[in-house]
Amino acid sequence: MAASNWEQFEAKMKSAGLSEAAIAAFKQNYDQLVAGVTGLVPEADIDPVTDLPCLAGMPSPNGETQPVTALAAKGVWLECGGKDQAAAAAAAAVTDLASVPAAAAATTAAVAAAAAAVTDLPSLAGMPSPDGETQALLSATAVLKLNGGLGTSMGLEKAKSLLEVKDGKTFLDLIAEQVKVMRKDYGSAVRFILMNSFSTSDDTRAFLKKAHPDLLQEPYIELMQNKSPKVDAATMAPASFPADPELEWCPPGHGDIYPSLLGSGMLDKLIADGIKYLFVSNSDNLGATLDLTLLHHFAGSGKAFMMEVCERTAADKKGGHLARRKADGKFMLRESAMCPDADKGHFEDISRHKYFNTNNLWVNLTLLKATLESSNGALPLPLIKNKKTVNPRDSSTPTVFQLETAMGSAIECFDSAGAVVVPRSRFAPVKTTSDLFVLRSDVYTITPAATVEATVPAVPLVKLDDKYFKLVDQMERLAPRAPSLVGASSLTVKGPVRFGAGIVIKGEVTLECSSASPVTIQATTFSSGSHKVAAPAEEPAVPAGAPAAAPAFA
Numbered sequence: 001m002a003a004s005n006w007e008q009f010e011a012k013m014k015s016a017g018l019s020e021a022a023i024a025a026f027k028q029n030y031d032q033l034v035a036g037v038t039g040l041v042p043e044a045d046i047d048p049v050t051d052l053p054c055l056a057g058m059p060s061p062n063g064e065t066q067p068v069t070a071l072a073a074k075g076v077w078l079e080c081g082g083k084d085q086a087a088a089a090a091a092a093a094v095t096d097l098a099s100v101p102a103a104a105a106a107t108t109a110a111v112a113a114a115a116a117a118v119t120d121l122p123s124l125a126g127m128p129s130p131d132g133e134t135q136a137l138l139s140a141t142a143v144l145k146l147n148g149g150l151g152t153s154m155g156l157e158k159a160k161s162l163l164e165v166k167d168g169k170t171f172l173d174l175i176a177e178q179v180k181v182m183r184k185d186y187g188s189a190v191r192f193i194l195m196n197s198f199s200t201s202d203d204t205r206a207f208l209k210k211a212h213p214d215l216l217q218e219p220y221i222e223l224m225q226n227k228s229p230k231v232d233a234a235t236m237a238p239a240s241f242p243a244d245p246e247l248e249w250c251p252p253g254h255g256d257i258y259p260s261l262l263g264s265g266m267l268d269k270l271i272a273d274g275i276k277y278l279f280v281s282n283s284d285n286l287g288a289t290l291d292l293t294l295l296h297h298f299a300g301s302g303k304a305f306m307m308e309v310c311e312r313t314a315a316d317k318k319g320g321h322l323a324r325r326k327a328d329g330k331f332m333l334r335e336s337a338m339c340p341d342a343d344k345g346h347f348e349d350i351s352r353h354k355y356f357n358t359n360n361l362w363v364n365l366t367l368l369k370a371t372l373e374s375s376n377g378a379l380p381l382p383l384i385k386n387k388k389t390v391n392p393r394d395s396s397t398p399t400v401f402q403l404e405t406a407m408g409s410a411i412e413c414f415d416s417a418g419a420v421v422v423p424r425s426r427f428a429p430v431k432t433t434s435d436l437f438v439l440r441s442d443v444y445t446i447t448p449a450a451t452v453e454a455t456v457p458a459v460p461l462v463k464l465d466d467k468y469f470k471l472v473d474q475m476e477r478l479a480p481r482a483p484s485l486v487g488a489s490s491l492t493v494k495g496p497v498r499f500g501a502g503i504v505i506k507g508e509v510t511l512e513c514s515s516a517s518p519v520t521i522q523a524t525t526f527s528s529g530s531h532k533v534a535a536p537a538e539e540p541a542v543p544a545g546a547p548a549a550a551p552a553f554a
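Using our numbering, you'd call the opening residue of the sequence shown number 1 and step up by one each time.
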């Protein structure tokens, strides 16, 4: 066990004006660090999670069933696993919007069976008309969006939620409009909260003042994330960096939501205002809307905490999974770093450990407060230890530990916690420019309710060349307009391909450009296969105003 320098950290945090709740949460993390807690969770200590409730099997809030198309049936069967294999196969055969009528005509009985087998697919677009119970629940609900990230991996230097994502609208525009639409349609004042960091608060407030001034005036609009002192790895004392004292601090991770709510007084204020339920999600996940079916389910369950999970695929096997701890029967999240090497095979077995956390969480605020009080003001969350240099841009500066926690890991802290399987459409984060490229294409559309919905049953997989497309400004120079992707299964771009107007991608397509400078493609349909994009051969100069030669395709 390393020597503790806790008194120095406590003094530094008090001097910075941090709350007792923030200090208590950091102490818990620091104590784990000094004690050398590894956090490893062997396979022998957990059981796989089975038999979770599924959103697609829940009744709509008004008790009525909703019609389901073959397209919707496909999504439900693939997400929740139908028992009728013939119907599942029929639904899976529907591969794109254009094929739905043909598939229905060709296999009427099978597709009808698939559609009939699933009687309700809840969505914001198909909300029931207002009723007393729904209005009461919405009046007792707050929506909180995590808004502390800058999107630095995409080259952004402002709040990621201020990035334009589609049709001139930013993440924050769409989120704000969703809240306003719901308030109007249901006559209920759903509270709206943004959890900002010291890096995003000013930009976000300036944007709201210009675009949504009404929201900026609301009492709960901002919950400020705390900050944590970096730990000198050599001394276990607070890191010191006189050249830039701000670099002595770091974000504490989104697990800080709990001490922030408590320490700011917002938790008590919300409860006093009759707010009982909190829906939390990332601001870059446009699939994470306030779904009434889930709200009714959570309220009716009486649980303190509910996590939305999706089924893992082969692409998710390296990521964390939901499990049940044998010692006490509670749910827990096991991340890759928590798995001993000897158990990696079980960890990556998606048929054994089926579910991953979407970071869409539902919290009962009165039960959260009771749990915090029984935990001396700090939930016992597992530590996430990141080893970096105090100046992340200078590898010669001292090594530090940044201590963080994840909000989803709180599932193990409650006596009454649950999980629900949701469609993959509720987990659509924008982490890369490839994600943004698809979002800006015709694969997605903005509905009157300000939600962003896919127009195809399977979103195409897009991989853009990081050398030329990694940053948002790079992508926007080469792809000022996205091609049509509704008929695409996948698109891989290698080299500096610039997308002009009228580009259509169908099937599995690879575009390769070996030119040192960008080559523009215009008004072309690319079908499955690998296509070479070459600059046009040198030709005699053309008169001013004449069209340029088109690039050649192999």
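Note that the Cβ used here is the ideal one computed from N, Cα and C, for glycine as well.
Handout entry: Closest Cα partner of F401 within the set H297, L383, G408
Key = Numbered from its first residue, the sequence shown carries residue 401 at position 401. Here the closest residue by C-alpha is L383.
Handout entry: E373 burial status per 10 Å Cβ neighbour count (16 or more: buried)
Key = Against the sequence shown, residue 373 aligns to sequence position 373. E373 should be labelled exposed.
Practice task
Going by DSSP, name the residue or residues bridged to Y444.
Solution key: The sequence position of residue 444 within the sequence shown is 444, counting from 1. Note: Y444 sits in a beta bridge opposite A454.
Practice task
Can you give me the Cβ contacts of L560 inside the same chain, cut-off strictly under 6 Å, excluding the 5 residues immediately before and after it?
Solution key: Outside the shown range of the chain, which is 1 to 554, sits residue 560, and nothing can be said about it.
Exercise for the section: Report the partner residues of A488 according to the DSSP bridge assignment. Expected result: As a first step, residue 488 is located in the sequence shown; it is residue number 488 there, counting from the start. A488 is bridged to G507.
Handout entry: Residues near A2 by beta carbon distance below 6 Å, same chain, minus five either side
Key = Here residue 2 refers to the residue found at position 2 of the sequence shown. Excluding sequence neighbours, A2 sits near V34, M236.
Practice task
Give a yes or no on whether the C-beta atoms belonging to T134 and R191 are separated by under 9 Å.
Solution key: In the sequence shown, the residue the question calls residue 134 occupies position 134. In the sequence shown, the residue the question calls residue 191 occupies position 191. The answer is no: Cβ separation not under 9 Å.
Exercise for the section: Enumerate, from N- to C-terminal direction, the unbroken alpha helix (DSSP H) stretches of 4 or more residues contained entirely within the segment 313 to 356. Expected result: 344 to 347
Exercise for the section: Express the C-alpha separation of N285 and G187 in angstroms, rounding to a whole number. Expected result: Within the sequence shown, numbered from 1, the residue matching residue 187 stands at position 187. Within the sequence shown, numbered from 1, the residue matching residue 285 stands at position 285. Whole-angstrom Cα-Cα distance: 26 Å.
Problem - Residue range of the unbroken beta strand (DSSP E) whose run includes R498 - result: Start at 1 with the first residue of the sequence shown, and residue 498 comes out as number 498. Its beta strand (DSSP E) spans residues 497 to 499.
Exercise for the section: Determine the contact status of G500 and A516, defining contact as a CB-CB distance below 9 Å. Expected result: By one-based count along the sequence shown, residue 500 stands at place 500. By one-based count along the sequence shown, residue 516 stands at place 516. No. Outside cutoff.
Handout entry: Proximity of N282 and P259 at Cβ, strictly below 9 Å
Key = To locate residue 282, count along the sequence shown from 1; it is residue 282. To locate residue 259, count along the sequence shown from 1; it is residue 259. Going by C-beta atoms, N282 is not nearer than 9 Å to P259.
Practice task
Check whether the segment 272 to 280 touches the segment 361 to 371, counting contact only when three or more Cβ pairs, one atom from each stretch, lie closer than 8 Å.
Solution key: yes
Problem - Proximity below 9 Å, CB of V41 to CB of R334 - result: The residue given as residue 41 occupies position 41 in the sequence shown. The residue given as residue 334 occupies position 334 in the sequence shown. It is a contact, given that the beta carbons lie within the stated cut-off.
Exercise for the section: Would you mind stating whether V280 and M407 have Cβ atoms separated by less than 9 Å? Expected result: As a working mapping, residue 280 is identified with position 280 in the sequence shown. As a working mapping, residue 407 is identified with position 407 in the sequence shown. Yes. Within cutoff.
Exercise for the section: In angstroms with no decimal places, state the Cα-to-Cα distance between N29 and K506. Expected result: What you label residue 29 is simply residue 29 of the sequence shown in a count that begins at 1. What you label residue 506 is simply residue 506 of the sequence shown in a count that begins at 1. Cα-Cα distance, rounded: 50 Å.
Practice task
Using alpha carbons as the reference points, say which of F526, E476, E512, G495 lies closest to G487.
Solution key: For the purposes of this step, residue 487 is taken as the residue at position 487 of the sequence shown. That would be F526, whose Cα lies nearest to the Cα of G487.
Exercise for the section: Pick out the complete alpha helix (DSSP H) segments inside the segment 405 to 441, 4 residues or longer, and give them in chain order. Expected result: 433 to 439
Practice task
Could you tell me which of K12, R352, D244, M306 sits nearest to C617, measuring between CA atoms?
Solution key: Residue 617 lies beyond the range of the chain shown here (1 to 554); nothing can be said about it.
Handout entry: Nearest candidate by alpha-carbon position, reference D397, set S490, F469, L247, L208
Key = Here residue 397 is taken as the residue at index 397 of the sequence shown, counted from 1. The sequence given here places Thr at residue 397; Asp does not occur at that position. When each option's Cα is compared against that of T397, the closest is L247.
Practice task
Assign A22 to one of two classes, buried (16 or more other C-beta atoms within 10 Å of its C-beta) or exposed (fewer than that).
Solution key: Numbered from its first residue, the sequence shown carries residue 22 at position 22. Classification of A22: buried, given that the 10 Å Cβ count is 16 or more.
Handout entry: 9 Å Cβ cutoff met for S441 and P483
Key = One-based indexing of the sequence shown puts residue 441 at position 441. One-based indexing of the sequence shown puts residue 483 at position 483. Yes. Within cutoff.
Exercise for the section: Mind checking which residues open and close the beta strand (DSSP E) that includes N386? Expected result: Numbered from 1 along the sequence shown, position 386 holds the residue referred to as residue 386. It spans 384 to 389 - the beta strand (DSSP E) in which N386 sits, taken as one unbroken run.
Exercise for the section: Using 10 angstroms around the beta-carbon of V37, count the other beta-carbons present and answer buried if the total reaches 16, otherwise exposed. Expected result: As a first step, residue 37 is located in the sequence shown; it is residue number 37 there, counting from the start. With fewer than 16 Cβ atoms within 10 Å of its Cβ, V37 is classed as exposed.
Exercise for the section: State buried or exposed for N386, treating a residue as buried only when at least 16 other CB atoms are found within 10 Å of its CB. Expected result: Taking the sequence shown and counting its residues from 1, one reaches residue 386 at position 386. Answer is exposed; the Cβ neighbour count stays below 16.
Problem - Neighbourhood of S425 by C-beta distance below 6 Å, restricted to the same chain and skipping five residues each side - result: The residue labelled residue 425 in the question sits at position 425 within the sequence shown. If we look at S425 and ignore the five residues flanking it on each side, its Cβ neighbours are G287.
Exercise for the section: Tell me whether G132 sits in a helix, a strand or coil according to DSSP, three-state version. Expected result: Counted from its first residue, the sequence shown places residue 132 at position 132. DSSP places G132 in helix when its eight states are reduced to three.
Practice task
Please classify E7: is it buried, with 16 or more other beta-carbons within 10 angstroms of its beta-carbon, or exposed?
Solution key: Here residue 7 refers to the residue found at position 7 of the sequence shown. With fewer than 16 other Cβ atoms within 10 Å, it is exposed.
Practice task
Provide the residue span of the beta strand (DSSP E) that contains V37, from first to last.
Solution key: Locating residue 37 in the sequence shown gives position 37, where the first residue counts as 1. No beta strand (DSSP E) holds V37; DSSP gives it neither H nor E.
Handout entry: Whole-angstrom distance between E404 and S239, CA atom to CA atom
Key = Residue mapping note: residue 239 aligns to position 239 of the sequence shown, counting from 1. Residue mapping note: residue 404 aligns to position 404 of the sequence shown, counting from 1. According to the sequence provided, residue 239 is Ala. The question's Ser does not apply to it. For A239 and E404, the distance between alpha carbons rounds to 16 Å.
Exercise for the section: Measure the CB-CB distance between C513 and G495 and report whether it falls below 9 Å. Expected result: As a working note, residue 513 is residue 513 in the sequence shown. As a working note, residue 495 is residue 495 in the sequence shown. Yes, Cβ-Cβ distance for C513 and G495 is below 9 Å.
Problem - Beta-carbon gap between L174 and T432 smaller than 9 Å - result: Here residue 174 is taken as the residue at index 174 of the sequence shown, counted from 1. Here residue 432 is taken as the residue at index 432 of the sequence shown, counted from 1. In this structure, T432 does not lie closer than 9 Å to L174 by Cβ.
Handout entry: Cutoff 9 Å: A304 Cβ touching any chain D Cβ
Key = The structure shown has no chain D; it contains just one protein chain.
Exercise for the section: Verify whether the separation of the beta carbon atoms of S161 and K145 is less than 9 Å. Expected result: Sequence index remark: in the sequence shown, residue 161 carries index 161 (1-based). Sequence index remark: in the sequence shown, residue 145 carries index 145 (1-based). Yes, the pair counts as a contact, with Cβ atoms nearer than the cut-off.
Handout entry: Contacting residues, own chain, Cβ-Cβ under 7 Å from S530 (five flanking each side not counted)
Key = For the purposes of this step, residue 530 is taken as residue 530 along the sequence shown, with counting starting at 1. So the qualifying residues of the chain are T510, E512.
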